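Residue numbers (UniProt numbering): 1 to 209.
Every residue gets a Cβ at the ideal spot worked out from N, C-alpha and C, and that includes glycine.
All values reported here derive from a predicted model rather than from experimental measurement.
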């Protein structure tokens, strides 16, 4: 059974954050952007800045190895990253491809993974994920639902991800759940986990930031 830990809340002590070992950070921005009419999600404007810029600012001080998984617009993404990676398969094969590519180049043993379209992620959530790092994946869960793109992965899981990929697996959730993940529990409907991946969702959050 997966382990379960409670998340750190805003305003709680930062003592655990100061003791965290170095980590790499992987921001996933390699999707097709179908719900946005084919636009590159990470570069879509939100409150006057690209979505990727908000994630960059949230994690930049935490790592010397900021990796962005993208499949176009390298010149723009380079400004927000230390490394860029691309999928090794054509035609936007999904986030598992980006995770594999990021783990393959990561310079640290633990990799914080976040999606580019979740600009409301806060420090408390990131602190909770990083404080839980261990030899197993740490993955956010809301009620009965896992959120596999909000996770911390040991680089050591890469062979298992590669083996799953070669066997035809494309779901990050299914493959990570096979690796006995630690669950970081968050409230259902937690706005910090909202993926702003449609014009309606982007517009609906423009006035509440």
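- Secondary structure remark: continuous beta strand (DSSP E) runs of at least 3 residues inside the segment 125-150, in chain order: 138-142.
- In chain order, 130 place their CB closer than 6 Å to the CB of residue 20, counting only its own chain and leaving out the 5 sequence neighbours on each side.
- DSSP lists 49 as the bridge partner or partners of residue 46.
- According to the DSSP assignment, residue 166 belongs to the alpha helix (DSSP H) that extends over 158-166.
- Per DSSP, the unbroken alpha helix (DSSP H) holding residue 95 starts and ends at 95-105.
- Classified as exposed, residue 145 has fewer than 16 neighbouring CB atoms from the shown chains inside 10 Å of its CB.
- For residue 88 against residue 97, the beta-carbon gap comes to about 7 Å, under 8 Å, which counts as contact.
- Using a C-beta cut-off of 8 Å, the segment 158-169 makes no contact with the segment 108-116, since fewer than three inter-stretch Cβ pairs fall below that distance.
- Taking one beta carbon from each stretch, the segment 131-143 and the segment 61-80 have fewer than 3 pairs nearer than 8 Å; the two do not touch.
- Apart from sequence neighbours up to five positions away, the residues of its chain that approach residue 84 with a beta-carbon distance below 7 Å are 68, 70, 74, 77, 78, ordered along the chain.
- Distances from the CA of residue 158 to each of 141, 25, 179 were compared; the closest alpha carbon is that of 179.
- For residue 59, the three-state secondary structure derived from DSSP is helix.
- Between residue 196 and residue 160, the alpha-carbon positions lie close to 30 Å from each other.
- Here DSSP, grouped into helix, strand and coil, assigns residue 66 to strand.
- DSSP places residue 173 inside the alpha helix (DSSP H), whose first and last residues are 172-177.
- Residue 42 and residue 143 have their C-alpha atoms some 28 Å from each other.
- Setting aside the 5 residues that flank it on each side, residue 152 is surrounded in the same chain by 110, 112, 129, 133, 138, each with a C-beta closer than 6 Å to its C-beta; the list follows chain order.
- In the structure shown, residue 21 falls within a coil segment according to DSSP collapsed to helix, strand and coil.
- With fewer than 16 other beta carbons inside 10 angstroms of its own, residue 156 counts as exposed.
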